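Participant:
Residue numbers (the UniProt record's numbering): 1 to 451.
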């Protein structure tokens, strides 16, 4: 009788526990599947964005060979630089950390640097040489080859329904080289081709950007940090109570050693980024999440960006540009030292417009270009430099600024901000020679005053 009573009591409890465990297990499994789907969608988006940007890059390079207008050529070369940067960013979002893609990144980096340094100079005074035109033609042919191979990989992925999560599994299994996976094989072929393209002579515009980056890395201050210190820094930036879930791996993009970080949240959101191994400086971070509505004003979003930089210990920074992409706001700041703006030392902060959360941060330009001191003083007075500015420009503001010149070194300039036919411009006049170093058109509604 006693056993019957005990069984009568325990049986319902056991059933409730069993049902509860079943529901819990089902929920865990559903959450895991949801997480895998979200990760796969992110990888697919990055992969197709990579193909899109390389397609556009190849088109833009083709245009540069046919353009006769120096103004249009300068614009086209600037577009090439932006597309190279976009393609590098897409590549970094793919789960290829255990497979070397540094040759492809190196090719894109060299191409972007060549396009930028060639495009920013006054092409009316210094038009492209025959050698530079030949270089453009070689780069076009090389990019055409990379584009074709990426298309092949993309077609295989679409036709055979290939999954990027299979790439991660291929590396996690004993077969570490990922043999038999079409996505891995395709990217290995692309990277092998890119290795040969790195031998293209890019001329004086890009003497050796890789050596430049290694040189800049060497002057970074600080000791080599440990993976644990990196985790603690990321936890502090993200305002997390502990380092749980933060994964750190050593990486080398061909130019300098970095720590790559990754944090997969339970809700499917993912944080990724790179930090220098020396000093532990954040180069970039990205927080993947959707923003479905816009609640904040641009001024409030800017306040969140400024507060973020203050919390990270940045010195006085000045906002130079602002833009919106969907429901995100992107602010670019440069260092302001006693009224002189250091344009090479820039950081960009991406803010979600629904709640002001920081969803992106890029500081590599600041990390590598930061100068503790800059002793050069203006040789010319402001009035003398003003004579080199177009007389039709209605100057509204003048200040000193440091930019990179044609040869890649820092140049002290007078920055004249003004308006011509309702269009605003920045004109940089060399404070020593009086030469016009650079002219930039400011996009409408593209700048905001400091709060």
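The beta-carbon is built from N, C-alpha and C at its ideal position, and this holds for glycine as well. Small disclaimer: the values here were computed from a predicted structure and weren't measured.
As an exercise, report each continuous alpha helix (DSSP H) stretch of at least 4 residues that is fully enclosed by the stretch 268-314, in chain order.
Facilitator: 298-311
Participant: State the start and end residues of the unbroken beta strand (DSSP E) segment that holds residue 430.
Facilitator: 423-430
Participant: Extract the residue ranges of the beta strand (DSSP E) inside the stretch 354-382, only unbroken runs of 3 or more that lie entirely within it.
Facilitator: Here the runs fully enclosed are 358-362.
Participant: How many Å lie between residue 251 and residue 58 at the Cα?
Facilitator: 29 Å
Participant: With a threshold of 8 Å, are at least 3 pairs of Cβ atoms found where one atom belongs to the stretch 328-336 and the other to the stretch 258-278?
Facilitator: no
Participant: Express the C-alpha separation of residue 247 and residue 225 in angstroms, rounding to a whole number.
Facilitator: 15 Å
Participant: Taking 8 Å as the threshold, find out whether the stretch 341-360 comes into contact with the stretch 298-305 through three or more Cβ pairs.
Facilitator: yes
Participant: Which class does residue 239 belong to by DSSP, given the choice of helix, strand or coil?
Facilitator: Note: residue 239 maps to coil in three-state DSSP.
Participant: Would you call residue 392 buried or exposed, if buried means 16 or more other Cβ atoms sit within 10 Å of its Cβ?
Facilitator: exposed
Participant: Would residue 431 pass as a contact of residue 404 if the rule is Cβ separation under 8 Å?
Facilitator: no
Participant: Check whether the stretch 362-378 and the stretch 337-349 touch, using three or more Cβ-Cβ pairs below 8 Å as the test.
Facilitator: Contact holds between the stretch 362-378 and the stretch 337-349, because three or more Cβ pairs, one in each stretch, are under 8 Å apart.
Participant: Count the other C-beta atoms from every protein chain shown that fall within 10 angstroms of the C-beta of residue 204, then say buried if there are 16 or more, exposed otherwise.
Facilitator: In this predicted model, residue 204 has a pLDDT of only 39, less than 50, meaning its place in the structure is not dependable; the value taken from the coordinates is given anyway. It is exposed - the Cβ of residue 204 has fewer than 16 other Cβ atoms within 10 Å.
Participant: Is DSSP giving residue 326 helix, strand or coil here?
Facilitator: coil
Participant: Residues in the same chain with beta-carbon distance under 6 Å from residue 370, minus the five sequence neighbours each way, listed in chain order, please.
Facilitator: Answer for residue 370: 345, listed in chain order.
Participant: Tell me where the beta strand (DSSP E) around residue 85 begins and ends.
Facilitator: Per DSSP, residue 85 belongs to no beta strand (DSSP E); it is in the alpha helix (DSSP H), 70-92.
Participant: Residues in the same chain with beta-carbon distance under 7 Å from residue 46, minus the five sequence neighbours each way, listed in chain order, please.
Facilitator: 90, 93 and 94
Participant: What first and last residue would you give for the beta strand (DSSP E) that runs through residue 394?
Facilitator: 394-404
Participant: Just how far apart, CA to CA, sit residue 295 and residue 112?
Facilitator: 36 Å
Participant: Measure the C-alpha to C-alpha separation of residue 422 and residue 375 and round it to an integer number of angstroms.
Facilitator: 37 Å
Participant: With 16 other CB atoms within 10 Å as the buried threshold, where does residue 155 fall?
Facilitator: exposed
Participant: Within this structure, are the beta carbons of residue 243 and residue 232 separated by less than 8 Å?
Facilitator: yes
Participant: In angstroms with no decimal places, state the Cα-to-Cα distance between residue 341 and residue 398.
Facilitator: 11 Å
Participant: Note down the Cα distance separating residue 409 from residue 334, rounded to an integer number of angstroms.
Facilitator: Rounded to the nearest whole angstrom, the CA to CA distance from residue 409 to residue 334 is 17 Å.
Participant: Taking the CB atoms as reference points, tell me whether residue 259 and residue 217 lie closer together than 8 Å.
Facilitator: no
Participant: Terminal residues of the continuous beta strand (DSSP E) containing residue 219?
Facilitator: Here residue 219 belongs to no beta strand (DSSP E), and DSSP marks it neither H nor E.
Participant: For my contact list, residue 283 and residue 275 are in at a C-beta cut-off of 8 Å; report their separation, rounded to the angstrom.
Facilitator: 6 Å
Participant: Considering only DSSP beta bridges, list what residue 389 is partnered with.
Facilitator: Looking at the DSSP assignment, residue 389 forms no beta bridge with any residue, so it has no partner.
Participant: Return the CA-CA distance between residue 395 and residue 126, expressed in angstroms with no decimal places.
Facilitator: Each residue's alpha carbon lies about 27 Å from the other.
Participant: Whose C-beta lies closer than 8 Å to the C-beta of residue 50 among residues of the same chain, with five residues either side of it excluded?
Facilitator: 87, 90, 91, 94 and 150
Participant: Between residue 116 and residue 402, what straight-line distance do the alpha-carbon atoms span, to the nearest angstrom?
Facilitator: Residue 116 and residue 402 have their C-alpha atoms roughly 17 Å apart.
Participant: Any idea if residue 441 is buried or exposed, counting beta-carbon neighbours within 10 angstroms, 16 or more meaning buried?
Facilitator: exposed
Participant: Look at the alpha carbon of residue 70 and the alpha carbon of residue 123, and state the distance between them as a whole number of angstroms.
Facilitator: 6 Å
Participant: Taking 7 Å as the limit between beta carbons, can you name the residues of its chain near residue 267, skipping five residues before and five after?
Facilitator: none
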